[in-house]
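J.: Here it is, the structure in full.
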Amino acid sequence: MAAHCRTTGITMWDNKYVKILLPLAFWLGVWQIAAMTAGFPLLLPTPVSVECALLEMAVTGAFWRSVVLSLGRVLCGMLLGSVLGCILALLTWRFSIADLLLSPAIRVVRATPVVSFILLVYLWVTRTQIPSVISALMVLPVIWSSLRAGLDAVDPQLLEMARAYRFGHVKTLRLVWLPSLRAHMSSGISTGLGLAWKSGIAAEVICPPRYAIGTELSKAKAALQSPRLYAWTIVIVILSLTLENILRRVLRKRFNP
């Protein structure tokens, strides 16, 4: 068996379960040792205390309400930012006057810190709407730049061939434009989702709605409940990884030829 593994180049480290469980066990061990060494639960609670806090929260309706509403706000912002980013990319690519007027504003949005936008948007909309608006603002420049790069990279010879063979608009879109834009849009959406999630949670922490993950983070910090603070952070990480995995599968199915 060992000889066969050496011949084929397969080792136990190539097992997908080992790749997941071994790093998890290693870092949990590091966490446990660090917590025991520090001996100060307020700063670094043990993994067991965080697990107990997470299980205690997970059986409450408020926990799931906060999770669902936070996801809904971020995904709504992601959708809004993606749609606006696509529209602005098409306008600035097609019309030089739109590029002259809109592109600098989009670059300013991309360069502005998210905290500044959170405080500014707070003057215009309710606290419940802030996470969605902030997520949209963070996603918009990413989608815009990705789609613009894709539009600029389309091979003119392919378009010329489509005209020579008298392709209709729909056929040209399906056979020329979409294949050329797949990689750029896939990258933009993946990056945009991560930014939308992080910025949306940050907006909830600074301007807490009634039910939200960021609100619970803020409450745990104010009450010096370190296990709950760590537990909510773990929830954020798990949801982020889950969303990325789902998005990766959807993009692979939709964007790959």
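Going letter by letter, the sequence shown gives residues 19 to 275 in this note's numbering.
Each residue gets a CB set at the ideal place from its N, CA and C atoms; glycine is no exception.
Being a predicted model, the structure only gives us computed values, none of them experimental.
Does the pairing of the segment 79–92 with the segment 144–163 give three or more beta-carbon distances under 8 Å?
T.: Yes, since at least three Cβ pairs between the segment 79–92 and the segment 144–163 fall closer than 8 Å, the two stretches touch.
J.: Quick check: T110 and S121, are their CB atoms within less than 8 Å of each other?
T.: yes
J.: For the alpha helix (DSSP H) that contains C94, what are its first and last residues?
T.: 79–112
J.: Taking only runs of the alpha helix (DSSP H) that begin and end inside the segment 123–153, which ones reach a length of at least 4 residues, in chain order?
T.: 132–139
J.: Could you give the distance in angstroms between the alpha-carbon of L138 and the alpha-carbon of I115?
T.: 28 Å
J.: Between which two residues does the alpha helix (DSSP H) holding R228 run?
T.: First-last for R228: undefined, no H or E at that position.
J.: Grab the span of the alpha helix (DSSP H) containing Q50 for me, first residue to last.
T.: Note, Q50: alpha helix (DSSP H), 34–56.
J.: Counting only runs of 4+ residues fully inside the segment 149–221, write out the alpha helix (DSSP H) ranges in chain order.
T.: 174–182, 187–190
J.: May I ask which residues mark the beginning and end of the alpha helix (DSSP H) holding L72?
T.: 65–76
J.: Could you give the DSSP three-state label for L118: helix, strand or coil?
T.: helix
J.: When you compare each of W195, V86, R184, F135 to H229 by their alpha carbons, which one comes out closest?
T.: The sequence shown places Tyr at residue 229, rather than the His named in the question. Checked all of W195, V86, R184, F135; the closest Cα to Y229 is V86.
J.: Beta carbon of S84, beta carbon of S153: below 8 Å?
T.: no
J.: Sorted by chain position, which residues of the same chain lie with C-beta nearer than 6 Å to S244's C-beta, five sequence neighbours on each side aside?
T.: Counting only Cβ-Cβ distances below 6 Å, and skipping sequence neighbours, we find L60, P63.
J.: Any idea if V48 is buried or exposed, counting beta-carbon neighbours within 10 angstroms, 16 or more meaning buried?
T.: When all chains shown are included, V48 counts as exposed.
J.: Just to confirm, is the Cβ distance from G232 to I219 under 8 Å?
T.: Between G232 and I219, the C-beta spacing is below 8 Å.
J.: According to the Cβ coordinates, are L306 and I252 closer than 8 Å?
T.: In the structure as shown, the chain starts at 19 and stops at 275, and residue 306 therefore has no counterpart that could be examined.
J.: Assign L269 to one of three DSSP states: helix, strand, or coil.
T.: helix
J.: Please state the DSSP three-state secondary structure of M19.
T.: For M19, the predicted model reports a pLDDT of 46, less than 50, meaning its position is unreliable; a value from the coordinates is still stated below. Three-state result, M19: coil.
J.: Looking only at its own chain, which residues have a Cβ that is under 8 Å from the Cβ of Y248, when we skip the five neighbours before and after it?
T.: Within the same chain, Y248 has close Cβ partners P63, V68, A71.
J.: Quick one: Cα of G212 to Cα of S258, how far?
T.: Straight-line spacing of the CA atoms in G212 and S258 works out to 7 Å.
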